[in-house]
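Here the protein sequences come in this chain order: Y and L.
Under this note's numbering, the residues of the first sequence are numbered 41 to 221, in order.
Under this note's numbering, the residues of the second sequence are numbered 611 to 762, in order.
Every residue gets a Cβ at the ideal spot worked out from N, C-alpha and C, and that includes glycine.
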Amino acid sequence: MSIAAILLLAVTYVNAQAGHNHSTMKMDNKKMDHSKMTIKSDAKAEAILSDYFNLKDALVNDDAKEAAQAGSKLIVSLKAFDRKTYKGMQQMELIEIIVDATEHAEHIVKSPIDHQREHFKTLSKDVADLLAITGTANPLYEQFCPMYDKGSAWLSTSKEVKNPYYGSKMLKCGSVKKQIN
Amino acid sequence: MKKIIKKILFIGLIIFLLMQLYQPARNESFEQDITSNFTKVYKVPKNVETILRTSCYDCHSNKTNYPWYSYIQPARFFMESHIKEGKENLNFNEWGNYSGRKQKNKLDRIAKQIKSNEMPLASYTLIHKNATLSATQKKEVLDWINKIENSL
Chain Y
41 MSIAAILLLA
51 VTYVNAQAGH
61 NHSTMKMDNK
71 KMDHSKMTIK
81 SDAKAEAILS
91 DYFNLKDALV
101 NDDAKEAAQA
111 GSKLIVSLKA
121 FDRKTYKGMQ
131 QMELIEIIVD
141 ATEHAEHIVK
151 SPIDHQREHF
161 KTLSKDVADL
171 LAITGTANPL
181 YEQFCPMYDK
191 GSAWLSTSKE
201 VKNPYYGSKM
211 LKCGSVKKQI
221 N
Chain L
611 MKKIIKKILF
621 IGLIIFLLMQ
631 LYQPARNESF
641 EQDITSNFTK
651 VYKVPKNVET
661 ILRTSCYDCH
671 SNKTNYPWYS
681 YIQPARFFME
691 SHIKEGKENL
701 NFNEWGNYSG
711 RKQKNKLDRI
721 AKQIKSNEMP
731 LASYTLIHKN
741 ATLSATQKKE
751 VLDWINKIEN
761 SL
């Protein structure tokens, strides 16, 4: 009888310990503030973004040569991206994005402006998908032109719409679809 | 006058013969029935498959059907540069190895290139008349690609 009681006490004690362990666990959970979105930022992703915007500006200015140069810089920043800081499905997705984006950048380096713009459309989607995983420190705007290729989007640092798909031909065509950050 | 022309022709002939020594490996793979084939990834209707094989596969697959003059330089040189670039951009035999993202983008590119008549290359269809896409053939391929894109 007493042995059973002792055993019972022992088990209860161990369970209680486990209970205590949970409540005093020094997990990151305590540090993470779930009440508001933490603005994530990845320096390598920011570098990619920066080169992307240079490319976008070149296309806005109808400057194929400048766009080609921006394209080759983008290839470098894409290559420099460190996917190892991400895990599992995110890492897999990022690998696919980088491979695809690099191909588009490579085409942009050696194409006339019409083709550069075609590739820029898919590249813009790749970069947007990249940002969905990495996050970005600064406010960004997704802009949209309904006329180019049945509707095409791009990212911009300012609300002001300057169309990279048509350049001077239709500079203001487009609207802000949403704000990122 | 005649002597100089004779000399130039002679040198030209020597260069031509020397060129023939350079014969790089041919794009001929015996493994056609692999899972990464475009035709294994999608259920491609026979008419579309025939069009792709006839008009695209010489540059965009692992098996080129070389014509007789492919044994002669510099024809071979130009052919190989087309095949190399073609395969880098799109290889129907490697389709299954592309990521879902890449496959989707490639389908879009294929459709755009066909629509704009950039593909098949004019220099290719000049010699391979049967590879020229008629309006009907273009529509068949584009409609099918559109169908696949919508189902993705």
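| As assigned by DSSP and simplified to three states, the class of K124(Y) | Taking the first residue of the first sequence as position 1, residue 124(Y) is located at position 84. Reduced to three states, the DSSP call for K124(Y) is helix.
| For K218(Y), does the three-state DSSP call read helix, strand or coil? | Your numbering for residue 218(Y) matches position 178 in the first sequence. Of the three classes helix, strand and coil, the one that applies to K218(Y) here is strand, per DSSP.
| request: Give every residue of the same chain whose Cβ lies closer than 7 Å to the Cβ of D224(Y), excluding the five residues on either side of it in the sequence, and list them in chain order. | output: As displayed, chain Y neither begins before 41 nor continues past 221, which places residue 224(Y) out of reach and without an answer.
| Smallest Cα separation from L89(Y): which of D169(Y), V216(Y), H147(Y) and K199(Y)? | In the first sequence, the residue the question calls residue 89(Y) occupies position 49. Out of D169(Y), V216(Y), H147(Y) and K199(Y), D169(Y) has the C-alpha closest to the C-alpha of L89(Y).
| message | Closest to E146(Y) by C-alpha separation, out of E133(Y), L163(Y) and F93(Y), would be which residue? | response | For the purposes of this step, residue 146(Y) is taken as residue 106 along the first sequence, with counting starting at 1. Comparing Cα-Cα distances from E146(Y) to each of E133(Y), L163(Y) and F93(Y), the minimum goes to L163(Y).
| message | Assuming A141(Y) and V167(Y) are in contact, meaning their beta carbons sit under 8 Å apart, how far apart are those beta carbons, in whole angstroms? | response | In the first sequence, the residue the question calls residue 141(Y) occupies position 101. In the first sequence, the residue the question calls residue 167(Y) occupies position 127. Confirmed, about 7 Å.
| request: Give the DSSP-derived three-state secondary structure of Q633(L) in the structure shown. | output: Translated into positions along the second sequence, residue 633(L) becomes position 23. Coil at Q633(L), not helix or strand.
| request: At 8 Å on the CB atoms, spell out the chain L contacts of I137(Y), in chain order. | output: On the first sequence, residue 137(Y) is found 97 positions in, with the first residue counted as 1. The contacting residues are R711.
| request: Report the neighbours of T162(Y) on chain L: residues whose CB is nearer than 8 Å to its CB, in chain order. | output: Translated into the one-based positions of the first sequence, residue 162(Y) becomes position 122. The answer, in chain order, is N715 and D718.
| query | If we ignore side chains and look at the alpha-carbon of each, how far apart do E136(Y) and L171(Y) end up? | reply | For the purposes of this step, residue 136(Y) is taken as residue 96 along the first sequence, with counting starting at 1. For the purposes of this step, residue 171(Y) is taken as residue 131 along the first sequence, with counting starting at 1. Cα-Cα distance, rounded: 14 Å.
| query | Since V658(L) and E750(L) are thought to touch, with beta carbons under 8 Å apart, how far apart are those beta carbons, to the nearest angstrom? | reply | Numbered from its first residue, the second sequence carries residue 658(L) at position 48. Numbered from its first residue, the second sequence carries residue 750(L) at position 140. That belief holds up - the Cβ atoms of V658(L) and E750(L) are roughly 6 Å apart, short of 8 Å.
| task | Examine chain Y for any beta-carbon lying closer than 8 Å to the beta-carbon of K697(L), and answer yes or no. | result | Within the second sequence, numbered from 1, the residue matching residue 697(L) stands at position 87. Not one chain Y Cβ lies under 8 Å of K697(L).
| task | Leaving aside the five residues before and after K601(L) along the sequence, list all residues of the same chain whose C-beta is less than 7 Å from its C-beta, in chain order. | result | Nothing about residue 601(L) can be reported from this structure: the residues present for chain L run from 611 to 762 only.
| In chain order, each alpha helix (DSSP H) run of at least 4 residues that lies wholly inside the stretch 657-737 of chain L | 667-670, 685-699, 710-725 and 732-737
| message | Three or more C-beta pairs under 8 Å: does that hold for the stretch 671-686 of chain L against the stretch 721-732 of chain L? | response | no
| request: Note down, in chain order, every chain L residue with its Cβ under 8 Å from the Cβ of D140(Y). | output: The residue given as residue 140(Y) occupies position 100 in the first sequence. Near D140(Y) (Cβ distances below 8 Å), the residues of chain L are S709, R711, K712 and N715.
| Under a three-way DSSP split, which group does H62(Y) fall into? | Numbered from 1 along the first sequence, position 22 holds the residue referred to as residue 62(Y). Residue placement at H62(Y) is flagged as unreliable, the pLDDT there being 49, under the threshold of 50; the coordinate-derived value follows with that caveat. Here H62(Y) sits in helix by DSSP.
| What is the rounded straight-line gap between the Cα of H159(Y) and the Cα of D103(Y)? | On the first sequence, residue 159(Y) is found 119 positions in, with the first residue counted as 1. On the first sequence, residue 103(Y) is found 63 positions in, with the first residue counted as 1. Rounded to the nearest angstrom, the two C-alpha atoms are 15 Å apart.
| field | Straight-line Cα distance separating N672(L) from I644(L) | value | Here residue 644(L) corresponds to residue number 34 of the second sequence, with the count starting at 1. Here residue 672(L) corresponds to residue number 62 of the second sequence, with the count starting at 1. Rounded to whole angstroms, I644(L) to N672(L) spans 11 Å at the Cα level.
| said: Output needed in chain order: residues of the stretch 720-745 of chain L with a Cβ under 7 Å from some Cβ in chain Y. | reply: K722
| Rounded straight-line distance, which links the Cα of N101(Y) to that of N94(Y) | Within the first sequence, residue 94(Y) is the residue found at index 54, counting from 1. Within the first sequence, residue 101(Y) is the residue found at index 61, counting from 1. Those two C-alpha atoms are separated by around 11 Å.
| Can you tell which of S744(L), Q630(L), S646(L) and N715(L) has the C-alpha that lies nearest to the C-alpha of N727(L)? | In the second sequence, residue 727(L) corresponds to position 117, counting from 1. Ranking the options by Cα distance to N727(L), first place goes to S744(L).
| task | Within the same chain, show all residues whose beta-carbon is closer than 6 Å to that of G706(L), passing over the 5 residues directly before and after it, in chain order. | result | Within the second sequence, numbered from 1, the residue matching residue 706(L) stands at position 96. Same-chain partners within the cutoff: T645, S646 and V651.
| query | Buried or exposed: which applies to G696(L), given that a residue is buried once 16 or more other Cβ atoms fall within 10 Å of its Cβ? | reply | Indexing the second sequence from 1 puts residue 696(L) at position 86. Burial call: buried.
| When we look at the beta-carbon of A721(L) and count the other beta-carbons within 10 Å, is it buried (16 or more) or exposed? | If you number the second sequence from 1, residue 721(L) lands on position 111. Label assigned to A721(L): buried.
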